[in-house]
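K.L.:
Chains as they are written, first to last, in the numbering used here: chain A, 797 to 1199; chain B, 35 to 249. A virtual CB, placed ideally from N, CA and C, is assigned to each residue, including glycine. Because the structure is a prediction, the values reported are computed rather than measured. So that we are looking at the same thing, I have put the structure below in structure tokens.
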Amino acid sequence: MSSHEAGVKILKALAKYSDYIMDAYEGNNGRLSGSIAPKAHDDLLRLRLAVMDSSDGKVRLNFTVMGLLDQSLRSSRLKMVNANIGEAIEGIEFLAGEYISSKQAGSEIDAESYLRDLDGNVSTLCDNLVDQAREIWRQIDSDFGSVSLLSSKIALNKNALIKVNKLLKSLELIDLDSISSLSSHDKQLRKLLQVKLPASIEDCRKDLGDAIHRLNKILFKLSKLEARAKMVNEIVQHCEENSGLKTECYADRIDVPRLFRASLPMEPTGHIDPFNTTLEFDYAEILNGLRKEEPPHEPQTVNHVPTDIEDNSEETLVVAPFKTAVVDVFVACLEREEPVSGADCFRWAPEGMDINIWLYALIAEFNALNHDQRQHFNLEYIGEIDKVFNGNFRAEDVLICPA
Amino acid sequence: MMKDSSGNLFTSIIEALLSGRFICQYSDEVAFEYLSKEAYRENIDDYLSKIDRALRCTDSEDVYYSAYLTVTSADRRRDIKKQFSHTINSLEPMSRWLKLVMSALQRDSSIQPGDTIRQGELLSAIELTQTLMDDLSKIIRVGVFATTKEAPKDQLTHFINKLVDQGYLIAHGPKSSTYTATGKWSYLYNVLEFVHTHENLGLGDSDEEQEDMFL
């Protein structure tokens, strides 16, 4: 069999089993379905359009077939994912082709016109990509606008993630190699299709990659907040249903969970050690601090005490009537040689005197007597023990008795 | 607080940690920044390890605190139990409070570190609804936040003052009624998550919710 015949046979087999091949390509990541007809299965293996996977023993499409389909369907898939970008790329490819044809035909005017249009289209596509990435970042930076509810923020975040993923997928589907190959022999085209367009796509891809990272991070945080709120509600509900929150005492475990080992505040303590020489500086500082507060300034004045005796005449000391009355009670006791009641003698006290002061004055006078004088007297109290506070003796009178 | 006259941030941080403080960017930005650097963090941790303590942070790494390294003595276990008891006893009122704030301010997320709490706004919302006033009364009826105050305004002031005392809120000024939530809430959430998981308090996630987490 000639190679021509073999090739035709392979192409015919591709056409014959196209449904199986497309099912495997689109729905099963290249793996042939188990329900495939045995003949088709054998033919695809025999013609090496499919191979047996050594890792799992399943039959999958050959990489070349997969690559062929990837390449051929790229444009239509791009249009499906993102119609705007798909159409823009298609337009760019068309204009580049027309430009080359015009140039080859020697039609400089047409070529220039096509190049202008191509430049416009490339610029529009690049601006469009930048705008889309910028719009995503605007949403991220504004924390999803004025929305305050967590659930709305999460919904917007998810929506933005879907948009970014879609946009990234559409960028992946742009066949830069194919576009570059159009411009390999023309400087103007190379500038547009090998420099400007790929640079914009790469910038956009980088921006979107960063955005997707940030969006996932925000989504994780928002989901955590949502989970916390849910947890709080569940704990409160548990408290309502079980009249409180009772837990195991985790501090009793042999290995106490790290979370519950937070240390108690350490009480500030001070132990003075006067023999510790390292504290000498601190002591000195304390002393310096004490000395810093100087005493208030007081003007010193001298009052001269007169030393000259001008008058040496005798002075008569006047004894107060109260003192005289008190002494009289003691004199009366000596004279009568019998106990004298302080209460009875109260009439001797100066007018306006309180009886308690009078009685205390008698006691004070007895205590103030010198030893020789006191030995002539005794002091007795008349009264009774307090009925309630029986440790107290309530004296109602004082008796000055002869010894 | 932090920076003393000699500029020794290390000393100030150690003192703060040993006095039981939680350090976050809202309670002490300078100290938090210091602790964010691994080398400095290791210095602090080395020092604490000499007195059988360690520098710890929450899962979200937004607050640092000191914790015991080992539980070797009866005294240490007693301290841990005391702290545990205080933490656990405050979980119910704190959870109720978080829910109250969500309901009052019509939010679907609970208080997070950095959030601003305006007492006036909260009080207006609570006073509008009898249910919220009842919820507030329930929170301060018994336990660690108990008070005999009757008026919602007094009850709210009492509770917020307690939160300030315990380092959950920081007032914007000496007489301000606007507060910033500190990183200590993260620690509370870690404890709540632990208890929620280990005591099986959850009602269970639906499959759809679990899938969403992995988007």
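Residues of chain B with CB under 9 Å from Ala1007(A), in chain order?
P.N.:
By 1-based counting over the first sequence, the position of residue 1007(A) is 211. The contacting residues do not exist; Ala1007(A) stays about 15 Å from chain B at best.
K.L.:
In the DSSP assignment, the alpha helix (DSSP H) including Val1098(A) goes from what residue to what residue?
P.N.:
Here residue 1098(A) is taken as the residue at index 302 of the first sequence, counted from 1. Neither: Val1098(A) is in no alpha helix (DSSP H) and is coded neither H nor E.
K.L.:
List, in order along the chain, the chain A residues whose C-beta lies closer than 7 Å to that of Lys218(B)?
P.N.:
For the purposes of this step, residue 218(B) is taken as residue 184 along the second sequence, with counting starting at 1. Here the premise fails: no neighbours, minimum Cβ distance about 10 Å.
K.L.:
Taking CB distances under 8 Å as the criterion, tell me whether Ser124(B) reaches chain A.
P.N.:
Your numbering for residue 124(B) matches position 90 in the second sequence. Closer than 8 Å: no.
K.L.:
Whole angstroms are fine: how far does the CA of Leu843(A) sit from the CA of Ala836(A)?
P.N.:
Within the first sequence, residue 836(A) is the residue found at index 40, counting from 1. Within the first sequence, residue 843(A) is the residue found at index 47, counting from 1. The alpha-carbon atoms of Ala836(A) and Leu843(A) are separated by roughly 10 Å.
K.L.:
Consider the Cβ of Glu1030(A): report whether some Cβ of chain B lies at a distance smaller than 8 Å.
P.N.:
The residue labelled residue 1030(A) in the question sits at position 234 within the first sequence. Yes, Glu1030(A) lies at the interface with chain B (some Cβ there is under 8 Å from its Cβ).
K.L.:
Over the uninterrupted beta strand (DSSP E) stretch that includes Asn1174(A), give me the two end residues.
P.N.:
One-based indexing of the first sequence puts residue 1174(A) at position 378. Run containing Asn1174(A): Phe1173 to Ile1181, per the beta strand (DSSP E) assignment.
K.L.:
If we call anything under 8 Å between Cβ atoms a contact, is Leu921(A) one with Ile888(A)?
P.N.:
Translated into the one-based positions of the first sequence, residue 921(A) becomes position 125. Translated into the one-based positions of the first sequence, residue 888(A) becomes position 92. Yes.
K.L.:
Determine, for Ser1137(A), whether the minimum Cβ-Cβ distance to residues of chain B falls below 8 Å.
P.N.:
Residue 1137(A) sits at position 341 when you count from the first residue of the first sequence. Not an interface residue.
K.L.:
Between Lys84(B), Leu51(B), Thr181(B) and Tyr102(B), which lies nearest to Arg1057(A) when the distance is taken from Cα to Cα?
P.N.:
Residue mapping note: residue 1057(A) aligns to position 261 of the first sequence, counting from 1. Nearest C-alpha to Arg1057(A): Tyr102(B).
K.L.:
Just reading off the alpha helix (DSSP H) that Val198(B) is part of, what are its end residues?
P.N.:
For this step, residue 198(B) is matched to residue 164 along the second sequence. Residues Pro186 to Asp199.
K.L.:
Compare the C-beta of Leu952(A) against all C-beta atoms of chain B and say whether one is closer than 8 Å.
P.N.:
Here residue 952(A) is taken as the residue at index 156 of the first sequence, counted from 1. Taking Cβ atoms only, chain B never reaches closer than 8 Å to Leu952(A), which makes this a no.
K.L.:
So, under 8 Å CB-CB, Leu963(A) and Gln928(A) are touching, yes? Tell me the CB distance rounded to an integer number of Å.
P.N.:
Translated into the one-based positions of the first sequence, residue 963(A) becomes position 167. Translated into the one-based positions of the first sequence, residue 928(A) becomes position 132. Confirmed, about 6 Å.
K.L.:
So what does Met848(A) bridge to, in DSSP terms?
P.N.:
As a first step, residue 848(A) is located in the first sequence; it is residue number 52 there, counting from the start. Bridge partners of Met848(A): Val855(A).
K.L.:
Can you tell me the Cα-Cα spacing of Ile86(B) and Thr104(B), whole angstroms?
P.N.:
Taking the second sequence and counting its residues from 1, one reaches residue 86(B) at position 52. Taking the second sequence and counting its residues from 1, one reaches residue 104(B) at position 70. One detail in the question is off: residue 86(B) reads as Asp in this sequence, not Ile. C-alpha separation (whole angstroms): 7 Å.
K.L.:
Compute the Euclidean distance between the alpha carbons of Gln189(B) and Leu132(B), then round it to the nearest angstrom.
P.N.:
Within the second sequence, the letter at position 155 stands for residue 189(B). Within the second sequence, the letter at position 98 stands for residue 132(B). Distance between the alpha carbons of Gln189(B) and Leu132(B): 15 Å.
K.L.:
Bridge partners for Asp1193(A) per DSSP, in chain order?
P.N.:
Here residue 1193(A) refers to the residue found at position 397 of the first sequence. In DSSP, Asp1193(A) forms a bridge with Ile1178(A).
K.L.:
Taking the DSSP output, what are the residues bridged to Pro1198(A)?
P.N.:
Your numbering for residue 1198(A) matches position 402 in the first sequence. DSSP lists Phe1173(A) as partners of Pro1198(A).
K.L.:
Taking one C-beta from the segment 858-868 of chain A and one from the segment 817-834 of chain A each time, how about it: are there three or more such pairs within less than 8 Å?
P.N.:
As far as the Cβ criterion goes, the segment 858-868 of chain A touches the segment 817-834 of chain A, which means the pair count is three or higher.
K.L.:
What is the DSSP secondary structure of Ile1050(A), reduced to helix, strand or coil?
P.N.:
As a first step, residue 1050(A) is located in the first sequence; it is residue number 254 there, counting from the start. Reduced to three states, the DSSP call for Ile1050(A) is coil.
K.L.:
When you check each C-beta in the segment 908-938 of chain A against every C-beta of chain B, which residues fall closer than 8 Å?
P.N.:
The residues in question: there are none.
K.L.:
Quick check for students: name the residue ranges of the alpha helix (DSSP H) that lie wholly in the segment 957-1006 of chain A, counting only runs of 4 or more.
P.N.:
Entirely contained in the segment 957-1006 of chain A, the alpha helix (DSSP H) runs reaching 4 residues are, in chain order, 972-978.
K.L.:
Between which residues of its own chain and Arg986(A) is the CB-CB distance below 6 Å, once the five residues before and five after are set aside?
P.N.:
As a working note, residue 986(A) is residue 190 in the first sequence. The residues are Ser979.
K.L.:
How long is the line joining the alpha carbons of Gln140(B) and Gln935(A), rounded to whole angstroms?
P.N.:
Position 106 of the second sequence, counted from the first residue, corresponds to residue 140(B). Position 139 of the first sequence, counted from the first residue, corresponds to residue 935(A). For Gln140(B) and Gln935(A), the distance between alpha carbons rounds to 24 Å.
K.L.:
Of all the options Ala65(B), Tyr68(B) and Phe118(B), which has the alpha carbon lying nearest to the alpha carbon of Tyr1046(A)?
P.N.:
Within the first sequence, residue 1046(A) is the residue found at index 250, counting from 1. The option with the nearest alpha carbon to Tyr1046(A) is Phe118(B).
K.L.:
Exposed or buried, Phe179(B), counting other C-beta atoms within 10 Å across all chains shown (16 or more means buried)?
P.N.:
Walking along the second sequence from the start, residue 179(B) turns up at place 145. With 16 or more Cβ atoms within 10 Å of its Cβ, Phe179(B) is classed as buried.
K.L.:
How would you list, in chain order, the residues of chain B whose beta-carbon sits under 7 Å from the beta-carbon of Val1052(A)?
P.N.:
Numbered from 1 along the first sequence, position 256 holds the residue referred to as residue 1052(A). Ordered by position in chain B, the residues that pass the 7 Å Cβ test against Val1052(A) are Val105 and Ile114.
K.L.:
In terms of DSSP beta bridges, what is Arg90(B) paired with?
P.N.:
The residue you call residue 90(B) lines up with position 56 of the second sequence. DSSP lists Tyr99(B) as partners of Arg90(B).
K.L.:
Does the distance from the CB of Leu166(B) to the CB of Lys187(B) come in under 8 Å?
P.N.:
On the second sequence, residue 166(B) is found 132 positions in, with the first residue counted as 1. On the second sequence, residue 187(B) is found 153 positions in, with the first residue counted as 1. Not in contact: Leu166(B) and Lys187(B) (Cβ atoms no closer than 8 Å).
K.L.:
Taking a contact to mean a Cβ-Cβ separation below 8 Å, would you say Ala1191(A) touches Ile1178(A) in this structure?
P.N.:
Here residue 1191(A) refers to the residue found at position 395 of the first sequence. Here residue 1178(A) refers to the residue found at position 382 of the first sequence. Yes, these two residues count as a Cβ contact at 8 Å.
K.L.:
Compare the C-beta of Gly201(B) against all C-beta atoms of chain A and say whether one is closer than 8 Å.
P.N.:
By 1-based counting over the second sequence, the position of residue 201(B) is 167. Chain A contact via Cβ: absent.
K.L.:
Compute the Euclidean distance between the alpha carbons of Tyr213(B) and Tyr202(B), then round it to the nearest angstrom.
P.N.:
Residue 213(B) sits at position 179 when you count from the first residue of the second sequence. Residue 202(B) sits at position 168 when you count from the first residue of the second sequence. Tyr213(B) and Tyr202(B): Cα-Cα distance of roughly 10 Å.
K.L.:
At what residues does the beta strand (DSSP E) containing Leu1158(A) begin and finish?
P.N.:
Residue mapping note: residue 1158(A) aligns to position 362 of the first sequence, counting from 1. First-last for Leu1158(A): Ile1151 to Ala1164, but that is the alpha helix (DSSP H), not the beta strand (DSSP E).
K.L.:
If you reduce the DSSP assignment to three classes, tell me which class Leu235(B) lands in.
P.N.:
The sequence position of residue 235(B) within the second sequence is 201, counting from 1. Three-state result, Leu235(B): coil.
K.L.:
Distance, Cα to Cα, Leu845(A) vs Leu969(A)?
P.N.:
Along the first sequence, one-based indexing puts residue 845(A) at 49. Along the first sequence, one-based indexing puts residue 969(A) at 173. Taking the straight line joining both Cα atoms gives about 24 Å.
K.L.:
Less than 8 Å between CB atoms is the rule here; does Asn42(B) satisfy it with respect to chain E?
P.N.:
Absence of chain E from the displayed structure is noted, the protein chains being A and B.
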